[in-house]
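**Q**
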Amino acid sequence: MCPYCSSDLSKFSTLDYEEKLILALDSPITQNRVFAIEVLGKKKVKKAVDKLCKMLFEKRDTFELVEIAIALFNIGTKEAFECLNKRSKINDNKLLNKVLKNFLDRINGQSLV
Numbered sequence: 026m027c028p029y030c031s032s033d034l035s036k037f038s039t040l041d042y043e044e045k046l047i048l049a050l051d052s053p054i055t056q057n058r059v060f061a062i063e064v065l066g067k068k069k070v071k072k073a074v075d076k077l078c079k080m081l082f083e084k085r086d087t088f089e090l091v092e093i094a095i096a097l098f099n100i101g102t103k104e105a106f107e108c109l110n111k112r113s114k115i116n117d118n119k120l121l122n123k124v125l126k127n128f129l130d131r132i133n134g135q136s137l138v
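Just so you know, we're using this note's numbering here: the sequence shown kicks off at 26 and counts up by one.
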C-alpha cells in the first residue's frame with residue numbers, strides 16, 4: 026500500500042520493466058517522465074507508441090515534447106512516424122517543428138513513410 030495515495034502496489038511488482046516505464050509517463054515529476062521517455066525510445070518499446078503519441082499533442086514543456094519526438098523517431102514504427110507527421114502540421118512550437126521537420130526529412134529520404 027502506498028503511504029501517500031493508498032494505492033495497492035502489490036500488482037506493480039508483477040509488471041515488467043517496460044510496463045513500469047510506461048506507467049512512469051504519468052509521473053507528476055517532469056524529470057521522471059523524461060527519463061522514462063528516453064529509455065522507452067532507446068529500447069524501441071513499440072507498446073509505448075500510443076501513449077507517447079498522445080503526449081506529443083498535449084501542452085507540455087518544449088524539452089519534454091522534443092524528447093517524445095526523439096523517442097517516437099527511435100522506436101521507428103509506421104504509427105510512430107504517422108504521429109510525428111500529424112504533429113508537424115501544428116505550428117505552435119518553432120523548436121519542436123524544426124526537430125519534426127528534420128526527422129520527417131530523414132524518414133522521407135529513406136522512403137519509410
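The C-beta atom is built at its ideal place from N, Cα and C for all residues, glycine as well.
Go to Q56, then tell me how far its alpha helix (DSSP H) extends in each direction, as first and last residue.
**A** Working through the sequence shown from its first residue, we reach residue 56 at position 31. Residues 55-67.
**Q** Output needed for A73: all residues of its chain with C-beta closer than 6 Å, excluding positions within five of it in sequence on either side, in chain order.
**A** Taking the sequence shown and counting its residues from 1, one reaches residue 73 at position 48. I47, L65, listed in sequence order.
**Q** Evaluate L81 with the Cβ neighbour count: other Cβ atoms within 10 Å of its Cβ, from every protein chain shown; 16 or more gives buried, anything less gives exposed.
**A** Sequence index remark: in the sequence shown, residue 81 carries index 56 (1-based). Result: buried.
**Q** Determine, using beta carbons only, whether L77 and L121 come nearer to each other than 8 Å.
**A** On the sequence shown, residue 77 is found 52 positions in, with the first residue counted as 1. On the sequence shown, residue 121 is found 96 positions in, with the first residue counted as 1. No. Outside cutoff.
**Q** Taking all protein chains shown into account, do 16 or more other C-beta atoms lie within 10 angstroms of the C-beta of C108, making it buried, or fewer, making it exposed?
**A** The residue given as residue 108 occupies position 83 in the sequence shown. Residue environment for C108: buried (at least 16 other C-beta atoms within 10 angstroms of its C-beta).
**Q** Between S113 and L97, how many whole angstroms is the CB-CB distance? I'm expecting something under 8 Å.
**A** Within the sequence shown, residue 113 is the residue found at index 88, counting from 1. Within the sequence shown, residue 97 is the residue found at index 72, counting from 1. Not really, about 12 Å apart at Cβ, beyond 8 Å.
**Q** Thinking E43 and K84 are a contact (beta carbons under 8 Å), I'd like their distance in whole angstroms, please.
**A** In the sequence shown, the residue the question calls residue 43 occupies position 18. In the sequence shown, the residue the question calls residue 84 occupies position 59. Going by Cβ atoms, the distance from E43 to K84 rounds to 26 Å, so no, they are not a contact pair.
**Q** So, with DSSP's three-state summary, where would you put G134?
**A** On the sequence shown, position 109 is the one that residue 134 refers to. Under the three-state reduction of DSSP output, G134 falls in the helix class.
**Q** Mind checking I62: buried by the 16 CB within 10 Å criterion, or exposed?
**A** Counted from its first residue, the sequence shown places residue 62 at position 37. Label assigned to I62: buried.
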